[in-house]
Amino acid sequence: MIQHRTVGLAATALALAASFTAASARAQDPARGGVGLDARVSQVCVLGEPNPAGLALGQISEASGTRVGRLAPIAAQTIQLPGTFCNYGGAALAISASPLAVTSGAAQAGFTGAVNYTCSISAWGATAATVRTSATNTAGDGVSSTSAAPKATDLTLVVSDFAAATDDLLQPGAYLALVTITLGPDAGLTASGS
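First residue of the sequence shown? That's 36 in the numbering used here, and the numbers climb one at a time after it.
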């Protein structure tokens, strides 16, 4: 019988030790550690894809009447630039343009080979970005427009006010022009002359 009590005391001691160990494990605070994350987003501007990609003005001289051979009225034209954005403030929008000019050489006496026009985009900054082509604006630079805050918008380029410098007859041939829209840091536009 003595032997039985010794086994009983040993079993009780083991049970108490196990209970104490479990209580100690529950009382301990959880271990914690931190892991840092590092990332970057670059400044970016995206100019929406022009729709339509270009303007086909067709026949631009009067075909009959008292103004036959001279510049016909041309209605204002629009090109959409959807999904345009800059993810930072201070981005500027600038337009440069060349006159609509005959590609077959210099105009003959009594004829003109250039048609001037105005381009504008008004939805970017507080003022519109504009340019007017002319013989005196050979670089084709205009007034830029700056957005003080990050911006996402659909832009509309308006091409209007078509006029020849003189009311001479238009020289026959193909006429081409290029309009360039630049979107980016204001300092970069100023440095590039746009």
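Virtual Cβ for every residue (Gly too), placed ideally from N, Cα, C.
Reduced DSSP category for residue i - H, G, I as helix; E, B as strand; rest coil
| i | result |
| --- | --- |
| Ala62 | helix |
| Ser155 | strand |
| Val103 | strand |
| Ile95 | coil |
| Val70 | coil |
| Ala149 | strand |
Chain C contact for residue i (CB, 9 Å cutoff)
| i | result |
| --- | --- |
| Ile109 | No chain C is present in this structure, which holds just one protein chain. |
Host beta strand (DSSP E) of residue i (start-end)
| i | result |
| --- | --- |
| Thr113 | 112 to 121 |
| Leu218 | 214 to 220 |
| Ser180 | 180 to 182 |
| Thr165 | 164 to 167 |
| Val82 | As written in the sequence, residue 82 is Leu, which differs from the Val given in the question. Unbroken run through Leu82: none, as it is neither H nor E. |
| Ser131 | 126 to 132 |
| Val137 | 135 to 137 |
Supposed contact pair residue j and residue i - C-beta distance, whole angstroms, cut 8 Å
| i | j | result |
| --- | --- | --- |
| Ala158 | Thr113 | That pair is no contact at about 12 Å. |
| Gly151 | Ala198 | The sequence shown places Asn at residue 151, rather than the Gly named in the question. With 8 Å as the limit, Asn151 and Ala198 qualify as a contact, their Cβ atoms being about 6 Å apart. |
| Gln78 | Tyr123 | 5 Å |
| Ser169 | Ala111 | Not confirmed; about 18 Å, so no contact. |
| Gly104 | Leu192 | Their Cβ separation, rounded to whole angstroms, is 29 Å, which puts Gly104 and Leu192 out of contact at 8 Å. |
| Leu190 | Thr101 | The pair is not a contact, with the Cβ atoms about 39 Å apart (cut-off 8 Å). |
| Leu218 | Cys121 | 7 Å |
| Ile216 | Leu90 | With 8 Å as the limit, Ile216 and Leu90 do not qualify as a contact, their Cβ atoms being about 14 Å apart. |
| Thr265 | Asp221 | This structure cannot speak to residue 265, because the chain is shown only from 36 to 229. |
Next on the checklist: Could you check whether the stretch 85 to 105 touches the stretch 165 to 182, counting it as contact only if at least three pairs of C-beta atoms, one from each stretch, sit closer than 8 Å?
Outcome noted: Here the stretch 85 to 105 does not lie against the stretch 165 to 182, with fewer than 3 beta-carbon pairs under 8 Å apart.
Next on the checklist: Within 8 Å, do at least three Cβ pairs link the stretch 199 to 215 to the stretch 128 to 139?
Outcome noted: The count of Cβ pairs closer than 8 Å, one atom from the stretch 128 to 139 and one from the stretch 199 to 215, reaches three, so the stretches are in contact.
Next on the checklist: As an exercise, report each continuous beta strand (DSSP E) stretch of at least 3 residues that is fully enclosed by the stretch 186 to 217, in chain order.
Outcome noted: As far as the stretch 186 to 217 is concerned, its whole beta strand (DSSP E) runs of at least 3 residues are 186 to 198.
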